[in-house]
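Residue numbers (numbering that gives the first Met the number 0), protein chains in the order written: chain A, 0 to 261; chain B, 0 to 276. Ideal Cβ positions, reconstructed from N, Cα and C, are used throughout, including at glycine. For reference, the structure is listed below as structure tokens.
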Amino acid sequence: MARASVYHRLVVWLLLLVLVLPLAATLLYSLATQWSASLLPAGLTFDWYLRLWSEPRFLAAFGRSLLVCVGALAFACLLVLPAMFVIAYHFPRLDAVMNVLILLPFAVPPVVSSVGLLQLFAGGPLALVGTPWILIGCYFTIALPFLYRALTNNLQAIELRDLMDAAHLLGASTFRAALSVVLPNLRKGLVVAVLLSFSFLIGEFVFANLLVGTRYETLQVYLNNMRNGSGHFTSALVISYFMVVLLVTWAASRLNRDPSSS
Amino acid sequence: MKHRYWALLLLLPFILFFAVFQLVPLAWIMVASFVTVDGEWGLSNYRDVLDSPFYLQAIRYSLEISLWSSLLGLAIAVIGVQSLRQVDSRLRDMVISFTNMTSNFAGVPLAFAFIILLGFNGTLTLLLKQLGVIEGFNLYTKGGLILIYTYFQIPLGVLLLYPAFDALRDDWRESAALLGAGPLRYWRHIALPVLTPALLGTFVILLANALGAYATVYALTTGNFNVVPVRIAALVAGDIYLDPNLASALAMLLVALMAVITVVHQWLLKRSYHGKG
């Protein structure tokens, strides 16, 4: 048995090594003064990070990404929450329809959707191409399956009917009950789902690049446009981006685990 | 129940926006793929794609890269998950949450990390060169792409397969061992048949994930490598030759490809251990 456990530990460490390697190399590169044609960097420095975080174009791109992601998530919550409540409370049968609908953003790759989006919103009454609004709309569809699944699981766990009946008995209107009884019960699940959606939305590149590009440069598009710049600078950019994702997913998992915060 | 119908109104904005950003664009592609440049209806866009060696090559490369990266990713994930379940929980939790994080590590940042690690002057390339293991490594080829795709398939594979391994009970392995079955026979006759639906399902998701992937290959090769997503994007947003209707046909072929894979998956699932039982 001892030999088997050594083998399993070895495999797991190897897996971790493979996953860490690209990140570790990027981290080291971002901290290196100079590193070319030698095995180890010539020296270590924080200079690239200082340069990055004082670069106005980077800060602007980062700000735009934050704005689009937060906007899309706020918009998604605004639309999904009432819809979900209505389906769960009044029309449970529609849940099957929803489950098919929310498969679409998963099944249709962004590069396919963008063909239609580019044609539809290039001109006319809805000339959205090149503006952040089209990204907010697209990101709403990307986040939707995720938000919907996470929230329905949560809704099913809280005995919606009993809660609503109790609230009605106490004289609350349906609207009031939904707002002050059901919503607080969903709060934690909602926050976790929103944080996780944020961490993959901020990494979105296809829609941002094809539909908007440099007209509203987001973080990923900026990163791609910096390809010919210094490798150290772009490494600092990659690591900074990853740190943001790390922080957000860490917060989500903390919230998910901690039972006292609900 | 009058207010039931009032409640239906709350669904409207949601349906409207979902239609505008998801359903209508998809319907547009479907229709546009059957309209020629001159505005006539017909299959000529599809004919153009299937007659062109260039687009056929893109389809072939897409399939090859997706198949290999999915198979490799799945194999590594199976071996990894199997071992992950046997180690102590602290190490396991750490690796799982790290896998969670790296599942977001794809696209442009991943391409950059790989250039640093395995580009012409990448760290690992230099190391292996000095050790005399390789002459040099070209990341910008099919082999290089399979490697980078495999990297982003692994975390997804691990996350999808980890819960599926709950179906395997420890005492099955012990019983099998008592009855004289070695690890190979245990896997061949017990573990694999039980895991088949999960493995097939994960494989299909990985395949779809790789077929639709655009950001990584675009960032790595500046859109010069010939795969279907790159071709589609070049036809609608490139700077040389635009043909949205041809792009629509190509996009529909990609979607059809995924649909075929899903149907085959369903059919295989019905024939497998769980389908019969």
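Test: residue i CB closer than 9 Å to a CB of chain C
| i | result |
| --- | --- |
| Trp34 (chain A) | In the displayed structure, chain C is absent; the protein chains listed are A and B. |
Close-in-space but distant-in-sequence residues of the same chain around residue i (CB under 7 Å, 5 per side omitted)
| i | result |
| --- | --- |
| Val247 (chain A) | Leu194, Phe197, Ser198 |
| Ala197 (chain B) | Leu160, Ala163 |
| Ile153 (chain B) | Gly72, Ile75, Ala76 |
Below-9 Å beta-carbon distance, residue i vs any chain B residue
| i | result |
| --- | --- |
| Ser4 (chain A) | yes |
| His7 (chain A) | yes |
| Thr140 (chain A) | yes |
| Cys68 (chain A) | no |
| Phe204 (chain A) | yes |
| Ser261 (chain A) | Because the pLDDT of Ser261 (chain A) is 42, which lies under 50, any placement of that residue in the model is unreliable, and the number read from its coordinates should be weighed accordingly. No, no contact with chain B. |
| Pro183 (chain A) | no |
| Ser234 (chain A) | yes |
| Phe241 (chain A) | yes |
| Gly42 (chain A) | no |
| Val19 (chain A) | yes |
| Leu58 (chain A) | no |
Rounded straight-line distance, which links the Cα of residue j to that of residue i
| i | j | result |
| --- | --- | --- |
| Leu268 (chain B) | His7 (chain A) | 30 Å |
| Ser260 (chain A) | Leu154 (chain A) | For Ser260 (chain A), the predicted structure reports a pLDDT of 46, less than 50, and the residue's modelled location is therefore unreliable. A value from the coordinates is still provided. Rounded to the nearest angstrom, the two C-alpha atoms are 18 Å apart. |
| Gly41 (chain B) | Leu256 (chain B) | 21 Å |
| Phe90 (chain A) | Ile14 (chain B) | 15 Å |
| Phe232 (chain A) | Thr201 (chain B) | 37 Å |
| Leu159 (chain B) | Gly72 (chain B) | 12 Å |
| Val110 (chain A) | Ala26 (chain B) | 15 Å |
| Leu200 (chain A) | Asp170 (chain B) | 43 Å |
| Pro182 (chain B) | Ser174 (chain B) | 12 Å |
| Arg59 (chain B) | Ser53 (chain A) | 45 Å |
| Glu63 (chain B) | Ala149 (chain A) | 34 Å |
| Leu162 (chain A) | Ala171 (chain A) | 11 Å |
| Arg89 (chain B) | Leu13 (chain A) | 16 Å |
| Val77 (chain B) | Val203 (chain B) | 15 Å |
| Leu39 (chain A) | Leu20 (chain A) | 15 Å |
| Ala18 (chain B) | Gly211 (chain B) | 22 Å |
| Thr221 (chain B) | Asp242 (chain B) | 20 Å |
| Trp67 (chain B) | Met242 (chain A) | 31 Å |
| Val80 (chain B) | Leu58 (chain A) | 40 Å |
| Ala57 (chain B) | Leu126 (chain B) | 33 Å |
Proximity test, Cβ basis, 9 Å: residue i and chain A
| i | result |
| --- | --- |
| Val254 (chain B) | yes |
| Ser355 (chain B) | Missing from the structure shown is residue 355 (chain B); chain B here goes from 0 to 276 and no further. |
| Leu183 (chain B) | no |
| Trp186 (chain B) | no |
| Gly38 (chain B) | no |
| Phe16 (chain B) | yes |
| Trp27 (chain B) | yes |
| Leu205 (chain B) | no |
| Lys275 (chain B) | Bear in mind that a pLDDT of 49 at Lys275 (chain B), under 50, signals an unreliable position, so the number given afterwards is only what the model happens to contain. Not one chain A Cβ lies under 9 Å of Lys275 (chain B). |
| Arg3 (chain B) | yes |
Neighbourhood of residue i by C-beta, 8 Å cutoff - its chain only, sequence neighbours within 5 removed
| i | result |
| --- | --- |
| Arg214 (chain A) | Gly129, Thr130 |
| Ile86 (chain A) | Leu93, Asp94, Met97 |
| Arg3 (chain B) | none |
| Thr149 (chain B) | Trp67, Ser68, Leu71, Gly72, Ile75 |
Cβ neighbour criterion (16 or more within 10 Å) applied to residue i
| i | result |
| --- | --- |
| Thr122 (chain B) | buried |
| Val10 (chain A) | buried |
| Tyr277 (chain B) | Since the first residue of chain B shown is 0 and the last is 276, residue 277 (chain B) is not available in this structure. |
| Gly276 (chain B) | Low per-residue confidence applies at Gly276 (chain B): pLDDT is 43, beneath 50, and the placement is therefore not dependable, though the value from the model is reported in the following sentence. Counting Cβ neighbours within 10 Å, Gly276 (chain B) comes out exposed, since fewer than 16 surround it. |
| Glu158 (chain A) | exposed |
| Ala31 (chain B) | buried |
| Arg270 (chain B) | exposed |
| Asn244 (chain B) | buried |
| Glu216 (chain A) | buried |
| Trp47 (chain A) | buried |
| Arg168 (chain B) | exposed |
| Asn152 (chain A) | exposed |
Cutoff 6 Å; reference residue i; Cβ partners in own chain excluding five residues on either side
| i | result |
| --- | --- |
| Ala251 (chain A) | Val191, Leu194, Leu195 |
| Phe33 (chain B) | Trp40 |
| Ala166 (chain A) | Ala176, Val180 |
| Gly42 (chain A) | Thr32 |
| Phe224 (chain B) | Val216 |
Selection of the segment 98 to 128 of chain B by Cβ proximity to chain A, strictly under 8 Å: Thr98, Asn99, Met100, Thr101, Asn103, Phe104, Ala105, Gly106, Val107, Pro108, Leu109, Phe111, Ala112, Phe113, Ile114, Ile115, Leu116, Asn120, Gly121, Thr122, Leu123, Leu125, Leu126
Within 7 Å of chain A by C-beta, residues of the segment 59 to 93 of chain B in sequence order: Correct list: Ile78, Gly79, Ser82, Leu83, Gln85, Val86, Leu90.
Under 7 Å (Cβ pairs) to chain B, residues found in the segment 70 to 93 of chain A: Contact residues of the segment 70 to 93 of chain A toward chain B are Leu78, Val79, Pro81, Ala82, Val85, His89 (C-beta to C-beta distance below 7 Å).
Contact residues within the segment 123 to 140 of chain A, judged by C-beta distance below 7 Å to chain B: Residues of the segment 123 to 140 of chain A that bring their beta carbon within less than 7 Å of a beta carbon in chain B comprise Gly136, Cys137, Phe139, Thr140, in sequence order.
Residues in the segment 237 to 261 of chain B having any Cβ partner in chain A nearer than 7 Å: Pro243, Ala246, Ser247, Ala250, Leu253, Val254, Met257
Contact residues within the segment 193 to 223 of chain A, judged by C-beta distance below 7 Å to chain B: Ser198, Phe199, Gly202, Phe204, Val205, Leu209, Gln219, Leu222, Asn223
Near-chain B residues of the segment 244 to 259 of chain A (beta-carbon distance less than 7 Å), N- to C-terminal order: Val244, Leu245, Thr248, Ser252
Members of the segment 106 to 123 of chain A that neighbour chain B once the beta carbon cut-off is set at 8 Å: Ala106, Val107, Pro108, Pro109, Val110, Val111, Ser112, Ser113, Val114, Gly115, Leu116, Leu117, Gln118, Leu119
Positions along the segment 42 to 55 of chain B whose CB lies within less than 9 Å of some CB in chain A: none
Residues, ordered as in the chain, of the segment 22 to 33 of chain A that lie near chain B by beta-carbon distance below 7 Å: If the cut-off is 7 Å between Cβ atoms, the segment 22 to 33 of chain A has Leu22, Ala24, Thr25, Tyr28 near chain B.
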